[in-house]
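Colleague: Those letters in the sequence shown? Residues -18 to -1, 1 to 278, by mature numbering (1 follows the signal peptide of the UniProt record, and there is no 0). Quick reminder that beta carbons are idealized off the backbone N, C-alpha and C, glycines included. Take a look at this one; I'll ask things after.
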Amino acid sequence: MKFITLLFAALIAFNASAIEIEHEMGTAHFDATPSKVVTLDWALTETVLSLGIEPYGVADVPGYDTWVSQPKLSPGTIDVGSRREPNLELLTDIKPDVILISQHMAPAIEQLQKIAPVLVFTVYSDKKAPLESAEHITTQLGALFGKQQQAKNVIEATHKRLADNGDAIRKQMDEDKPLMFIRFINDKTLRIHSDGSLAQSTIALMGLENSWHEQTNQWGFTTAGIEKLAEHQKTNLMIFGPLNDTERQQLISSPLWQAMEFTRTDSVYELPAIWTFGGLLSAQRFSDHITRQLLN
């Protein structure tokens, strides 16, 4: 009888520590909270860090440090290869407890599952609701790591930051011009960010308008010629930077660029390096930079 009682108590303790997480390709079960976490998508890296969890391994650490930068990675974080082709041998050697990927790496899932349990979460997809997806992912990872309250705090802080920044802009700016977000591919071609992008999701929560309403891809941008800007001259034009000296000189010397109303009215703003495919913390930083540019 004593043995049965002890066995029953052990089963209860086991079930209490067991974790079940639904993700985009099924349901995963963990006997305990994973501690050695590998992330192969920077939006997921950012999300894990936002919960106070230090990833054990991250894909393309130098790239993360350049483009995402915040929150910072621990100096001891292992670089596990590129985001498209992680180092499978290294992953096998470090024996992670869980590997986090997006659907863009789905073809590699079978190989990765031989190494560790794999969870699939995607922020940028055909749903075109990146911040809504990021909130869901934050909640799920909060449950995985026992950081439910921290996940809730991150979500609430994001909504408050974006709402406060939007209020500050409306209070101090007389004009109600829409925004337009571009990245130069070369001197003739642009990416214009709108529906489904971090830019659009962020300014929507700030209560601001986007000037670009044409069809976008799953990443939230349209590829177009620079001449398209002539149709959107009454905007506050935000350029994803940093521009190099050659790019900046090409703009300055371009008669077309100088003729644009947004150039003549000093309504062009260069943003610092921002990971435009990030999650909630990227949205907070992005909102802060927009606010700082418009109000300074």
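Under DSSP, the beta strand (DSSP E) around residue 100 begins and ends at which residues?
Modeller: From DSSP, the beta strand (DSSP E) with residue 100 extends over 100 to 102.
Colleague: Below 8 Å on the Cβ atoms is my contact criterion, and I expect residue 76 with residue 91 to pass it. Report the Cβ-Cβ distance as a whole number of Å.
Modeller: Between the beta-carbon of residue 76 and that of residue 91 there is about 18 Å, and that puts the pair past the 8 Å contact cut.
Colleague: For residue 216, count neighbouring Cβ atoms within 10 angstroms of its own Cβ and tell me buried if that reaches 16, exposed if not.
Modeller: exposed
Colleague: If contacts are defined as beta-carbon pairs under 8 Å, then residue 62 and residue 41 qualify, I think. What distance do you get, rounded to the angstrom?
Modeller: 6 Å
Colleague: Whole angstroms is fine: what's the gap from residue 48's alpha carbon to residue 166's?
Modeller: Taking the straight line joining both Cα atoms gives about 18 Å.
Colleague: Which residues share a DSSP beta bridge with residue 5?
Modeller: 8
Colleague: Helix, strand or coil for residue -6 per DSSP?
Modeller: Its pLDDT being 45, under 50, residue -6 is placed unreliably by the model, and the measurement read from it follows with that caveat. The DSSP-derived three-state label of residue -6 is helix.
Colleague: Let me make sure I understand the geometry here. Which of 163, 261, 265 has the alpha-carbon closest to that of residue 252?
Modeller: 163
Colleague: Let's test the definition: count the other Cβ atoms within 10 Å of the Cβ of residue 240 and tell me whether it reaches 16, buried, or not, exposed.
Modeller: exposed
Colleague: Only counting the same chain, and skipping five residues up and downstream in sequence, which positions put a Cβ closer than 6 Å to that of residue 280?
Modeller: No answer is possible for residue 280: it lies beyond the span of the chain, which begins at -18 and ends at 278.
Colleague: I'd like to confirm the pairing. Which residues does DSSP put opposite residue 68 in its beta bridges?
Modeller: Looking at the DSSP output, residue 68 bridges to 63.
Colleague: In the DSSP output, what is residue 252 paired with across the bridge?
Modeller: 221
Colleague: Can you tell me which of 5, 69, 273, 57 puts its alpha carbon nearest to the alpha carbon of residue 22?
Modeller: 69
Colleague: Could you tell me the distance, in whole angstroms, from the CA atom of residue 101 to the CA atom of residue 7?
Modeller: 8 Å
Colleague: On the DSSP letters alone, give me the boundaries of the beta strand (DSSP E) that residue 207 sits inside.
Modeller: 203 to 207
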